[in-house]
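Remarks on the structure that follows.
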Amino acid sequence: MEANSIKTLEDLRILNARYFNNVNSSVDKTGIYTAKIKFLNYFELGCAITDLLKLCILAIDHEAHIISDTNKNAINVALMLETALEMFPLDEFELLSELNEILIADSQNIKE
Numbered sequence: 004m005e006a007n008s009i010k011t012l013e014d015l016r017i018l019n020a021r022y023f024n025n026v027n028s029s030v031d032k033t034g035i036y037t038a039k040i041k042f043l044n045y046f047e048l049g050c051a052i053t054d055l056l057k058l059c060i061l062a063i064d065h066e067a068h069i070i071s072d073t074n075k076n077a078i079n080v081a082l083m084l085e086t087a088l089e090m091f092p093l094d095e096f097e098l099l100s101e102l103n104e105i106l107i108a109d110s111q112n113i114k115e
């Protein structure tokens, strides 16, 4: 049983190295995680930040026309959706699927 547990633990380590790429734990062990989002340059980053802020303001403010009066730049919805896609942890979901398969197989072995 112990050899099987070690193999399962090694499988989990391999899966962890392969799939947990979007969120990294802090080096100083504070328990804080970081996520990396890629932008072409500082200007694109600035546009994404301002568009996120504008989108939030529009979402909470019923008088949306105030923003368009003060700033003629439209919100870049495509960039916001791309940013959301970059932040979405698909690799982690794939890992969860593989972990689920391992756990299902393990529970079937226990029943036998």
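Position one of the sequence shown corresponds to residue 4 (the numbering used here), numbered consecutively onward.
Even for Gly, the Cβ is constructed at its ideal location relative to N, Cα and C.
Please read these numbers as outputs of a predicted model, since none were measured by experiment.
Nearest-angstrom Cβ-Cβ length linking residue i and residue j, presumed shorter than 8 Å
| i | j | result |
| --- | --- | --- |
| Leu-98 | Leu-18 | 5 Å |
| Glu-95 | Tyr-22 | 6 Å |
Residue burial classification, residue i (beta-carbon count within 10 angstroms, cutoff 16)
| i | result |
| --- | --- |
| Tyr-36 | exposed |
| Lys-10 | exposed |
Residues near residue i by beta carbon distance below 8 Å, same chain, minus five either side
| i | result |
| --- | --- |
| Thr-86 | Ile-40, Ala-51, Leu-55 |
| Leu-102 | Leu-15, Leu-18 |
Candidates the options, of which the one nearest residue i by Cα
| i | options | result |
| --- | --- | --- |
| Glu-47 | Ile-78, Arg-21, Asp-109, Cys-59 | Ile-78 |
| Cys-59 | Leu-43, Ala-38, Met-83 | Met-83 |
| Asn-24 | Ile-63, Pro-92, Leu-106 | Pro-92 |
| Thr-53 | Gln-111, Val-80, Glu-104, Asn-103 | Val-80 |
| Met-90 | Asp-14, Phe-42, Leu-15 | Phe-42 |
Residue interval of the beta strand (DSSP E) (run including residue i)
| i | result |
| --- | --- |
| Thr-37 | 36-38 |
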